[in-house]
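**Q**
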DNA sequence: GCCAACGTTGGC
DNA sequence: GCCAACGTTGGC
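Numbering (the UniProt record's numbering), first residue to last: 1 to 139.
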């Protein structure tokens, strides 16, 4: 199983909005970046992702699960763009901020820290474990 | 609100 | 196929 990170601006679509969608989840549409799309193409049902709030908060707030693999993005006619479906799993006991991630030596290689503009990112098993530790989650 | 980083576009 | 111009993202 792989781990990912999804960025969203909370004033557009935040964690609470995903929670409101319930088990049916939501399309992660609107991605218009090849790297991010390729990440989504690699995702499998059951993979987990961090839900990160950009601009406002700048922190990982929750865990979501991939519930449908990449399919055409319904918000565009352009066949290049695809998206996965995700649903909220649980909120982190405590959010983990970008500041904390930058201050944590074990996260020095994390994409979040090094490529601020990529909206869908891979997270390694080790990075995931560190984030869980920082958030106070059991794992 | 500014600006750096980065990706995309389009002229040559 | 190169590269300058432009647009967007996102941290500050």
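Positions of the beta carbon are idealized from the N, C-alpha and C atoms, including for glycine.
For the stretch 13–31 against the stretch 104–114, do three or more pairs of beta-carbon atoms, one drawn from each stretch, fall closer than 8 Å, so that the two count as touching?
**A** Verdict: no, contact absent.
**Q** Go ahead and pull the three-state DSSP assignment for residue 31.
**A** Residue 31 falls in the coil class under three-state DSSP.
**Q** Check residue 119 in the structure and name its three-state DSSP category.
**A** The answer is coil: DSSP assigns residue 119 none of H, G, I, E or B.
**Q** Pick helix, strand or coil for residue 102, following the three-state DSSP scheme.
**A** Three-state result, residue 102: helix.
**Q** Which of helix, strand or coil does DSSP assign to residue 133?
**A** Helix at residue 133.
**Q** Where do the ends of the alpha helix (DSSP H) carrying residue 70 lie?
**A** Premise fails: residue 70 lies in the beta strand (DSSP E), 59–72, not in any alpha helix (DSSP H).
**Q** Under a three-way DSSP split, which group does residue 45 fall into?
**A** If DSSP states are grouped into helix, strand and coil, residue 45 belongs with coil.
**Q** Among the candidates 17, 39, 131, whose CA atom is the shortest distance from the CA of residue 94?
**A** Among 17, 39, 131, the Cα nearest to that of residue 94 is on 131.
**Q** Any idea if residue 37 is buried or exposed, counting beta-carbon neighbours within 10 angstroms, 16 or more meaning buried?
**A** The residue is buried, with at least 16 neighbouring Cβ atoms inside 10 Å.
**Q** Apply the 10 Å Cβ neighbour rule to residue 60 and answer buried if 16 or more other Cβ atoms are within range, or exposed otherwise.
**A** Flag for residue 60 reads buried.
**Q** For the putative contact between residue 9 and residue 66, defined by C-beta atoms under 8 Å, what is the C-beta separation to the nearest angstrom?
**A** So it is not a contact: roughly 21 Å between Cβ atoms.
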